[in-house]
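**Q** First the structure, which I've put down as structure tokens, then a few questions once you've had a look.
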Amino acid sequence: MEYREISEDYSVSGQIQPEDVAAIKKAGFKSIICNRPDDEQPGQPSADTVGAAVEAAGLAFRYIPVISGQITAE
Numbered sequence: 119m120e121y122r123e124i125s126e127d128y129s130v131s132g133q134i135q136p137e138d139v140a141a142i143k144k145a146g147f148k149s150i151i152c153n154r155p156d157d158e159q160p161g162q163p164s165a166d167t168v169g170a171a172v173e174a175a176g177l178a179f180r181y182i183p184v185i186s187g188q189i190t191a192e
């Protein structure tokens, strides 16, 4: 899994798969925020599936879906 560091405390990546979680934890991450809405693309894992893997690994998980074109200043 590839990720891009935005700051010392924040990185971004593409779609995380449940099998990526062990490597994410090993890399030192403490939490994962999923911004991808469920069913955005066929075959992507649901936030519940990713969240279960994240929490089973002892990391924090939050699901905050962002829909393209619907982001406002508020």
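Count along the sequence shown from 1, then add 118; that gives the number in the working numbering.
Virtual Cβ for every residue (Gly too), placed ideally from N, Cα, C.
Taking CB distances under 8 Å as the criterion, tell me whether S164 reaches chain B.
**A** Of the protein chains in this structure there is only one, and it is not chain B.
**Q** Just the C-alpha distance for P155 and P183, rounded to the nearest angstrom, thanks.
**A** About 5 Å.
**Q** Distance check for V172 and I151, CA to CA, integer angstroms please.
**A** Approximately 10 Å between the Cα atoms of the pair.
**Q** Report yes if the CB atom of E120 is closer than 8 Å to the CB atom of S129, and no otherwise.
**A** Cβ atoms of E120 and S129: not closer than 8 Å.
**Q** Compare the C-alpha of G176 against each of A165, K143, E158, P163 and name the closest.
**A** When each option's Cα is compared against that of G176, the closest is K143.
**Q** In this structure, how does DSSP classify A174 when only helix, strand and coil are distinguished?
**A** In the structure shown, A174 sits in a helix (DSSP, three-state: H, G or I).
**Q** What number of angstroms, rounded off, separates the C-alpha of A140 from the C-alpha of Q159?
**A** If I take the Cα positions, the gap works out to 24 Å.
**Q** For G169, is the classification buried or exposed, using 16 other Cβ atoms within 10 angstroms of its Cβ as the cut-off for buried?
**A** With 16 or more other Cβ atoms within 10 Å, it is buried.
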